[in-house]
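Trainee: Going by the numbering used here, the sequence shown opens with residue 3, and the numbers climb by one from there. Where a beta carbon is used, it is the ideal one built from N, C-alpha and C, also for glycine. Please read these numbers as outputs of a predicted model, since none were measured by experiment.
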Amino acid sequence: MKLTCFVSIAFQLIAIGLCRGQHCKTDAKSVVTSAEMRASIQADPAKKLVALQQLIPGLVVDMRYATINNFTHTVLYHHPVALLRTAPANGLRLVQEDLRKKGYALKLFDAFRPLSATCTIWRLVPDRHYAANPRKGSNHNRCLAVDVTLIDLRTGRELDMGTAFDNFTDSAHHDFYTLPAQVLTNRRLLKQTMRKYGFGMVPTEWWHYQWHNDRDYEVIDLDFDELKYFY
Ligand SMILES: [Zn+2]
Numbered sequence: 003m004k005l006t007c008f009v010s011i012a013f014q015l016i017a018i019g020l021c022r023g024q025h026c027k028t029d030a031k032s033v034v035t036s037a038e039m040r041a042s043i044q045a046d047p048a049k050k051l052v053a054l055q056q057l058i059p060g061l062v063v064d065m066r067y068a069t070i071n072n073f074t075h076t077v078l079y080h081h082p083v084a085l086l087r088t089a090p091a092n093g094l095r096l097v098q099e100d101l102r103k104k105g106y107a108l109k110l111f112d113a114f115r116p117l118s119a120t121c122t123i124w125r126l127v128p129d130r131h132y133a134a135n136p137r138k139g140s141n142h143n144r145c146l147a148v149d150v151t152l153i154d155l156r157t158g159r160e161l162d163m164g165t166a167f168d169n170f171t172d173s174a175h176h177d178f179y180t181l182p183a184q185v186l187t188n189r190r191l192l193k194q195t196m197r198k199y200g201f202g203m204v205p206t207e208w209w210h211y212q213w214h215n216d217r218d219y220e221v222i223d224l225d226f227d228e229l230k231y232f233y
């Protein structure tokens, strides 16, 4: 094993160890307990969670952070279900219906992500252009965001988006145009369809789309096993 590789792995293990058992350095009041989550949903049923595979026919799910096939080369959470709040979940269902009429479909890399996973990512990539600062929590932590790409329904293969998921370079930006025309067309199709049904984007990641936090949706750091009571 090369020294640089060993150092990288050691750094990641230390980072993960530092994150476990604490809410990173975030505003603890903004992170809901299971009881608070139950009360919040009772008061506002729109905050209920929805399991996307049950709602959206043909949705392909490849939750990268539940595997080592992600930029951290580490499993950041176990036994995931692709979860969103009610409004973005219904929006994503409409996106899928629209795409399928054109011969395409969504492939999902991530949806809800516990705050502890965001903490680990922040320690590895402490750059607000590419990762959410756990002090504020992210829209993934609020069940409002997805990381997605497109597949061709005829082949089942991903469309060429110019970079892989979680590519932290300029070439993943929406305003990076030095790319083949087909890549720009593919990115435009994803962007236009997501925006048509209410999702916003961030300038630096072609795969990330999020719903407006219009109901003061809380940051969640519960395990997927605990969340099954809320969808
Ligand atoms: Zn994202």
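According to DSSP, is F111 helix, strand or coil?
Mentor: If DSSP states are grouped into helix, strand and coil, F111 belongs with the strands.
Trainee: Look at the alpha carbon of V62 and the alpha carbon of F114, and state the distance between them as a whole number of angstroms.
Mentor: If you take the alpha carbons of V62 and F114, they lie about 16 Å apart.
Trainee: I believe C145 touches L57 by the beta-carbon criterion, under 8 Å. Please report the beta-carbon distance rounded to the nearest angstrom.
Mentor: Actually they are not in contact, since the Cβ atoms of C145 and L57 sit about 13 Å apart, beyond 8 Å.
Trainee: In or out: K104 buried (at least 16 other Cβ within 10 Å) or exposed?
Mentor: K104 comes out exposed.
Trainee: Does DSSP put R189 in a helix, a strand or coil?
Mentor: If DSSP states are grouped into helix, strand and coil, R189 belongs with the helices.
Trainee: Under a Cβ-count criterion, where at least 16 other Cβ atoms within 10 Å of its own Cβ denotes burial, should S118 be classed as buried or exposed?
Mentor: By the neighbour-count rule (16 or more Cβ atoms within 10 Å), S118 is buried.
Trainee: Give me the Cα-Cα distance between D223 and A91, rounded to the nearest whole angstrom.
Mentor: For D223 and A91, the distance between alpha carbons rounds to 20 Å.
Trainee: Once the 5 residues before and after D149 are set aside, which same chain residues still bring their CB inside 6 Å of it?
Mentor: Cβ within range, chain order: F111, D112, W209 and H210.
Trainee: Hey, would you say K49 sits closer than 9 Å to Y219, going by beta carbons?
Mentor: Yes; because the gap between Cβ atoms is below 9 Å, this pair is in contact.
Trainee: What would DSSP say about R40, mapped onto helix, strand or coil?
Mentor: R40: helix per DSSP, three-state reduction.
Trainee: Is it the case that the CB of A53 approaches a heavy atom of ligand 1 more closely than 8 Å?
Mentor: Flag unset: Cβ of A53 not near ligand 1.
Trainee: For Y233, does the three-state DSSP call read helix, strand or coil?
Mentor: In this structure, Y233 counts as coil in the three-state DSSP scheme.
Trainee: Are the beta-carbon atoms of L101 and T195 separated by less than 9 Å?
Mentor: Yes.
Trainee: For a test of your reading of the model: does the CB of D129 fall under 8 Å from any non-hydrogen atom of ligand 1? Yes or no.
Mentor: No, the beta carbon of D129 sits no closer than 8 Å to any heavy atom of ligand 1.
Trainee: For the beta strand (DSSP E) containing A133, list its first residue and its last residue.
Mentor: First-last for A133: undefined, no H or E at that position.
Trainee: So which of P116, N135 and H131 has the shortest CA-CA distance to R1?
Mentor: The structure shown has nothing for residue 1, since the chain only spans 3 to 233.
Trainee: How is T88 classed by DSSP in three states: helix, strand or coil?
Mentor: Looking at T88 - three-state DSSP - the assignment turns out to be helix.
Trainee: Beta-carbon separation of F232 and R66 under 9 Å?
Mentor: For F232 and R66, no; Cβs fall outside 9 Å.
Trainee: Using a Cβ-Cβ cut-off of 6 Å (strictly less than) and excluding sequence neighbours within five positions of Q24, which residues of its own chain qualify?
Mentor: Here the model assigns Q24 a pLDDT of 47, short of 50, so the residue's position is not dependable and the matter cannot be decided.
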